[in-house]
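Novice: My questions all concern the structure below.
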Amino acid sequence: MKTRSPVSRSARFTGGPAADTAAFTESVSFDYRLWRQDLLGSMAHARMLQQIGVLSRAEFKAIVRELDRIGREIAAGRFRWRTEFEDVHMNLEAELTRRVSAGAKLHTGRSRNDQVALDLRLWLRDEIVGLADDLRGLQRSLARLAGRHRDVVLPGYTHLQRAQPVLLAHHLLAYLEMLERDQQRLEDCFFRLNVCPLGSGALAGSTLPLDRELVAKLLGFVDANGRPRLTQNSMDAVSDRDFAVEFCAGGALLGVHLSRLAEDLVLWSAAEFNFIRIDDAYTTGSSLMPQKKNPDVAELARGKSGRVIGNLVALLTLLKGLPMTYNRDLQEDKERVFDTADTVRSTVRVLASMLRKTQVNAAACRAAAGDPLLLATDLADYLVRKGRPFRQAHHAVGAAVALAERQRKRLDQLTLAELRSVDNRFERDALKVFDLDAALARREVLGAPGKKQVRKQLARWQKRLAENR
Ligand code: ARG
Numbered sequence: 014m015k016t017r018s019p020v021s022r023s024a025r026f027t028g029g030p031a032a033d034t035a036a037f038t039e040s041v042s043f044d045y046r047l048w049r050q051d052l053l054g055s056m057a058h059a060r061m062l063q064q065i066g067v068l069s070r071a072e073f074k075a076i077v078r079e080l081d082r083i084g085r086e087i088a089a090g091r092f093r094w095r096t097e098f099e100d101v102h103m104n105l106e107a108e109l110t111r112r113v114s115a116g117a118k119l120h121t122g123r124s125r126n127d128q129v130a131l132d133l134r135l136w137l138r139d140e141i142v143g144l145a146d147d148l149r150g151l152q153r154s155l156a157r158l159a160g161r162h163r164d165v166v167l168p169g170y171t172h173l174q175r176a177q178p179v180l181l182a183h184h185l186l187a188y189l190e191m192l193e194r195d196q197q198r199l200e201d202c203f204f205r206l207n208v209c210p211l212g213s214g215a216l217a218g219s220t221l222p223l224d225r226e227l228v229a230k231l232l233g234f235v236d237a238n239g240r241p242r243l244t245q246n247s248m249d250a251v252s253d254r255d256f257a258v259e260f261c262a263g264g265a266l267l268g269v270h271l272s273r274l275a276e277d278l279v280l281w282s283a284a285e286f287n288f289i290r291i292d293d294a295y296t297t298g299s300s301l302m303p304q305k306k307n308p309d310v311a312e313l314a315r316g317k318s319g320r321v322i323g324n325l326v327a328l329l330t331l332l333k334g335l336p337m338t339y340n341r342d343l344q345e346d347k348e349r350v351f352d353t354a355d356t357v358r359s360t361v362r363v364l365a366s367m368l369r370k371t372q373v374n375a376a377a378c379r380a381a382a383g384d385p386l387l388l389a390t391d392l393a394d395y396l397v398r399k400g401r402p403f404r405q406a407h408h409a410v411g412a413a414v415a416l417a418e419r420q421r422k423r424l425d426q427l428t429l430a431e432l433r434s435v436d437n438r439f440e441r442d443a444l445k446v447f448d449l450d451a452a453l454a455r456r457e458v459l460g461a462p463g464k465k466q467v468r469k470q471l472a473r474w475q476k477r478l479a480e481n482r
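Read left to right, the sequence shown gives residues 14 to 482 (our numbering).
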């Protein structure tokens with residue numbers, strides 16, 4: 014069966030595409046999401062066409078008026094998308110031309126190849142700004158939780174084995190640092206993608222005297238001094254998807270950070286840890302076990318990292334064997350980009366609201382941090398202060414731990430005589446090492462989890478996040 018595809022087929026074709034070809038190649042079912050960007054791009058292009066004399070003033074005005082009207086219809090859900098027009102670009106142009114005959118001039122000096130490169134860049138620009146905002150929200154939630162529990166101590170882990178005591182705030186601020194780097198990566202991505210490809214045509218520019226600078230300025234592709242930023246090679250411009258890869262790479266790394274945060278929350282909410290209580294609103298029950306309350310939101314936040322990593326790999330694989338320049342394969346870029354954007358944004362948002370309602374069980378945290386073994390390193394540092402080389406101190410404290418284990422005692426219950434049996438530099442004040450608060454107060458190296466340090470860091474973040482509103 015043949016269908017008619019009124020815009021993309023020239024007179025050279027004798028019929029429309031087969032029905033399964035149309036269904037297989039259409040992209041409007043997902044790229045309709047570019048409609049706002051496509052309309053804006055068309056308005057700027059039309060303005061430029063008027064400037065160079067291709068459109069009369071009346072034609073330009075009629076085109077912009079109708080594009081604007083179409084936009085309002087789409088926003089109101091009153092626009093009928095038609096798969097026989099393949100993609101968002103054809104749908105909008107066909108509808109415009111149906112209403113205004115000058116619409117047939119709009120595609121002068123333009124190809125869907127530079128058009129789609131433009132639309133996706135514009136779309137990502139908006140998306141990155143929105144995501145940056147959402148990320149700030151998550152950072153604020155983390156900072157607020159840290160600020161509310163600034164004195165809560167808990168074990169820090171390596172290898173998921175208790176290692177040394179830290180402040181909960183310190184642990185949470187680690188995620189602020191990660192998210193900050195994610196922000197910077199997105200900013201970086203924004204900078205590199207904020208370059209206008211329009212005017213590159215299908216691959217070889219145009220024979221018409223297009224004013225690319227005007228279009229770039231109209232669409233905000235400008236540097237800090239307002240100078241237009243234009244792609245410099247038409248072939249590169251229509252086939253480059255670096256910017257999409259960079260976005261998906263930044264998104265994948267962000268997804269991994271969110272996944273790690275989610276994993277901490279899952280662990281901490283398990284009875285074995287009992288450090289936090291996730292609000293009921295962010296948990297679900299079991300269809301079988303009546304007592305269950307499961308941290309599904311955190312689990313899905315962890316699980317969704319798989320999708321965004323997959324999107325990055327899919328996109329890279331899509332690009333790696335493509336000959337220059339545009340190939341229809343590139344149509345496959347959009348769903349990966351959309352999915353990464355949607356996934357990371359919804360995850361960032363739900364984690365932010367979940368953290369706002371998360372309760373901390375300070376007593377359980379402190380009890381876990383009260384394990385004197387967490388201060389074995391402090392005991393070794395004590396010996397260092399008494400002049401022992403660290404390696405020997407490390408060995409002696411190891412022996413003390415083994416001795417306590419044999420005696421079935423806690424490390425802080427060894428007598429002075431027992432301590433001196435492993436190293437004679439131990440003195441009466443050695444046991445003071447096990448005062449948890451004093452131990453934390455000692456950790457005042459820059460970036461360490463000591464109280465003063467953490468307060469300083471927290472204040473820095475609070476200031477920064479308040480300014481950023
Ligand atoms: N829908 C296409 C895409 O997303 C637009 C460009 C099509 N260009 C072409 N020559 N068929 O890539």
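Backbone N, C-alpha and C fix where the C-beta goes; we use that ideal spot for every residue, glycine too.
(1) May I ask you to list the residues that DSSP assigns as paired with Arg175?
(2) Using only the alpha-carbon positions, how far apart do Leu280 and Glu418 sit?
(3) If you reduce the DSSP assignment to three classes, tell me which class Asn437 lands in.
(4) Among the residues of its own chain, which have a CB less than 6 Å from the CB of Arg358, if the five just before and after it don't count?
(5) Please tell me whether, using a cut-off of 7 Å, the distance from the CB of Asn287 to the nearest non-hydrogen atom of ligand 1 is below it.
(6) To the nearest angstrom, how far is the alpha carbon of Val251 from that of Glu312?
(7) Apply the 10 Å Cβ neighbour rule to Thr428 and answer buried if 16 or more other Cβ atoms are within range, or exposed otherwise.
(8) My output table needs one value for Val235: the three-state DSSP class, helix, strand or coil.
(9) Would you check whether ligand 1 has a heavy atom nearer than 7 Å to the C-beta of Arg254?
(10) By the three-class DSSP mapping on this structure, what secondary structure does Thr360 have?
(11) Can you tell me which of Ala412, Ala237, Arg125 and Arg85 puts its alpha carbon nearest to the alpha carbon of Glu431?
(12) Using CA coordinates, which residue listed in Ala314, Ala454 and Thr296 is at the minimum distance from Lys370?
(13) Name the one or two DSSP bridge partners that Leu180 has.
(14) Does DSSP classify Lys422 as helix, strand or coil?
(15) Taking 8 Å as the cut-off, decide whether the C-beta atoms of Ala159 and Leu471 are in contact.
(16) Give me the Cα-Cα distance between Arg438 and Phe403, rounded to the nearest whole angstrom.
(17) Which value, in whole angstroms, describes the spacing of the CA atoms of Leu325 and Ile141?
(18) Inspect the beta-carbon positions of Val67 and Thr121 and report whether they are closer than 8 Å.
(19) My output table needs one value for Thr297: the three-state DSSP class, helix, strand or coil.
(20) Could you check which residue in Asp352, Glu457 and Ala380 has the C-alpha nearest to that of Gly268?
(21) Within 7 Å: the Cβ of Gln344 and any heavy atom of ligand 1?
(22) Can you check which of these residues, Glu193, Glu276 and Cys209, is closest to Asp249 by C-alpha distance?
(23) Assuming Leu335 contacts Asp346 (C-beta within less than 8 Å), just tell me the rounded distance between them.
(24) Using the three-state DSSP reduction, which class does Ser18 fall into: helix, strand or coil?
(25) Check whether the stretch 48-59 and the stretch 80-97 touch, using three or more Cβ-Cβ pairs below 8 Å as the test.
(26) Can you tell which of Val179, Ala415, Asp293 and Asn246 has the C-alpha that lies nearest to the C-alpha of Arg379?
(27) In this structure, how does DSSP classify Pro385 when only helix, strand and coil are distinguished?
(28) Cβ of Tyr339 versus every heavy atom of ligand 1: is any distance shorter than 7 Å?
(29) I want to check one thing, is the minimum distance from the CB of Arg315 to the heavy atoms of ligand 1 below 7 Å?
(30) Ordered along the chain, which non-local residues of its own chain (more than five positions away) have a Cβ less than 7 Å from that of Leu368?
Specialist: To lay it out plainly:
(1) Sequence index remark: in the sequence shown, residue 175 carries index 162 (1-based). Partner residues in the beta bridge of Arg175, as assigned by DSSP, are Tyr170.
(2) As a working note, residue 280 is residue 267 in the sequence shown. As a working note, residue 418 is residue 405 in the sequence shown. As the crow flies, the alpha-carbon of Leu280 is around 27 Å from that of Glu418.
(3) The residue you call residue 437 lines up with position 424 of the sequence shown. In the structure shown, Asn437 sits in coil (DSSP, three-state: anything other than H, G, I, E or B).
(4) In the sequence shown, residue 358 corresponds to position 345, counting from 1. Hits under 6 Å: Leu144 and Asp147.
(5) By 1-based counting over the sequence shown, the position of residue 287 is 274. No, the beta carbon of Asn287 sits no closer than 7 Å to any heavy atom of ligand 1.
(6) Here residue 251 corresponds to residue number 238 of the sequence shown, with the count starting at 1. Here residue 312 corresponds to residue number 299 of the sequence shown, with the count starting at 1. Approximately 39 Å, taken between the alpha carbons.
(7) Reading the sequence shown from its first residue, position 415 is the one you call residue 428. Classification for Thr428: exposed.
(8) Indexing the sequence shown from 1 puts residue 235 at position 222. Looking at Val235 - three-state DSSP - the assignment turns out to be strand.
(9) Sequence index remark: in the sequence shown, residue 254 carries index 241 (1-based). For Arg254, the CB stays at least 7 Å from every heavy atom of ligand 1.
(10) As a first step, residue 360 must be located in the sequence shown, where it is residue number 347. In the three-state reduction of the DSSP assignment, Thr360 falls in the helix class.
(11) Residue numbering aside, residue 431 sits at position 418 when the sequence shown is read from its first letter. For the options Ala412, Ala237, Arg125 and Arg85, the alpha carbon positioned closest to that of Glu431 is the one of Ala412.
(12) In the sequence shown, the residue the question calls residue 370 occupies position 357. Closest option to Lys370, Cα to Cα, is Thr296.
(13) Along the sequence shown, one-based indexing puts residue 180 at 167. In DSSP, Leu180 forms a bridge with Val166.
(14) In the sequence shown, residue 422 corresponds to position 409, counting from 1. It is coil, neither helix nor strand.
(15) Translated into positions along the sequence shown, residue 159 becomes position 146. Translated into positions along the sequence shown, residue 471 becomes position 458. One thing to note: Ala159 has its Cβ within 8 Å of the Cβ of Leu471.
(16) Residue numbering aside, residue 438 sits at position 425 when the sequence shown is read from its first letter. Residue numbering aside, residue 403 sits at position 390 when the sequence shown is read from its first letter. Looking at the backbone, the Cα of Arg438 and that of Phe403 are separated by about 13 Å.
(17) By one-based count along the sequence shown, residue 325 stands at place 312. By one-based count along the sequence shown, residue 141 stands at place 128. Whole-angstrom Cα-Cα distance: 16 Å.
(18) Working through the sequence shown from its first residue, we reach residue 67 at position 54. Working through the sequence shown from its first residue, we reach residue 121 at position 108. Note that the C-beta distance between Val67 and Thr121 is below 8 Å.
(19) As a position in the sequence shown, residue 297 is number 284, starting the count at 1. Three-state result, Thr297: strand.
(20) Residue numbering aside, residue 268 sits at position 255 when the sequence shown is read from its first letter. Relative to Gly268, the option among Asp352, Glu457 and Ala380 whose CA is nearest is Asp352.
(21) Sequence index remark: in the sequence shown, residue 344 carries index 331 (1-based). Relative to ligand 1, the beta carbon of Gln344 is positioned inside 7 Å of a heavy atom.
(22) Position 236 of the sequence shown, counting from 1, holds the residue named residue 249. Nearest to Asp249 by C-alpha distance, out of Glu193, Glu276 and Cys209, is Cys209.
(23) As a first step, residue 335 is located in the sequence shown; it is residue number 322 there, counting from the start. As a first step, residue 346 is located in the sequence shown; it is residue number 333 there, counting from the start. Contact flag wrong, Cβ pair sits at about 11 Å.
(24) Within the sequence shown, numbered from 1, the residue matching residue 18 stands at position 5. Per-residue confidence for Ser18 stands at a pLDDT of 47, beneath the threshold of 50, marking its modelled position as unreliable; the derived number appears in the next sentence. Under the three-state reduction of DSSP, Ser18 is assigned to coil, being neither helix nor strand.
(25) Yes: the two stretches touch, three or more of their Cβ pairs being nearer than 8 Å.
(26) Counted from its first residue, the sequence shown places residue 379 at position 366. Checking every option, the nearest Cα to that of Arg379 belongs to Val179.
(27) Taking the sequence shown and counting its residues from 1, one reaches residue 385 at position 372. Annotated three-state conformation of Pro385 is helix, per DSSP.
(28) Counted from its first residue, the sequence shown places residue 339 at position 326. Tyr339: yes, Cβ under 7 Å from ligand 1.
(29) Looking up residue 315 in the sequence shown gives position 302. Outside the cutoff, so no.
(30) Position 355 of the sequence shown, counted from the first residue, corresponds to residue 368. Hits under 7 Å: Ser154, Leu155 and Leu158.
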